[in-house]
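A quick write-up on the structure given underneath.
Residue numbers (the numbering used here): 2 to 133.
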């Protein structure tokens with residue numbers, strides 16, 4: 002996707018855009034990892050897959066979204082720079098953050114819902130813990 006964004010911006014793949022492509026791996030994995038970790042941590046066997054996903058999004062979506070927005074806020078001054086290097090870097094990281102948020106908040110939850118992943122065996126539900 003980022004190669005397509007580089008093309009749409011009219012840039013070529015060079016050392017600066019290559020740096021952005023390497024950075025993309027870390028940022029995009031971060032957004033997805035938070036959602037996946039929360040999904041698998043909500044492994045109450047009494048919850049359906051959709052209920053687990055709903056609980057996951059209630060717990061993590063806001064934090065992931067605000068994490069992306071604060072990254073954009075910190076990056077914003079580069080958009081107004083007179084230096085072409087900074088503007089290219091801004092465009093690359095802007096695309097990375099927006100695509101990462103889309104993957105973490107839209108595509109990953111859709112994939113988790115579609116796969117119908119069962120909670121691990123041997124997990125005790127909260128109700129069973131209360132019963133003793």
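Glycine residues also receive a C-beta, built at the ideal position from the N, C-alpha and C atoms.
Starting from the Cα of residue i, find the closest Cα among the options and give me that residue.
i: residue 60; options: 74, 38 and 20; result: 38
i: residue 104; options: 73, 42 and 36; result: 36
i: residue 112; options: 14, 40 and 86; result: 40
Would residue i be called buried (16 or more neighbouring beta carbons within 10 Å of its own) or exposed?
i: residue 9; result: exposed
i: residue 46; result: exposed
i: residue 18; result: buried
i: residue 65; result: buried
i: residue 74; result: exposed
Taking 6 Å as the limit between beta carbons, can you name the residues of its chain near residue i, skipping five residues before and five after?
i: residue 101; result: 28, 29 and 32
i: residue 69; result: 98 and 102
i: residue 22; result: 3
i: residue 80; result: 91
How far does the alpha helix (DSSP H) with residue i in it extend, from its first residue to its last?
i: residue 85; result: 85 to 103
i: residue 6; result: 3 to 10
i: residue 46; result: Residue 46 -> no alpha helix (DSSP H), and no H or E assigned at all.
i: residue 115; result: 109 to 116
Closer than 8 Å by C-beta to residue i: which residues in its own chain qualify, once you throw out the five before and the five after it? Chain order, please.
i: residue 76; result: 91, 94, 95 and 98
i: residue 51; result: 114
Taking 7 Å as the threshold (C-beta atoms), are residue j and residue i in contact?
i: residue 3; j: residue 25; result: yes
i: residue 110; j: residue 54; result: yes
i: residue 62; j: residue 106; result: yes
Report all residues from its chain with a CB closer than 7 Å to the CB of residue i; omit the five preceding and five following residues, and keep chain order.
i: residue 6; result: 96
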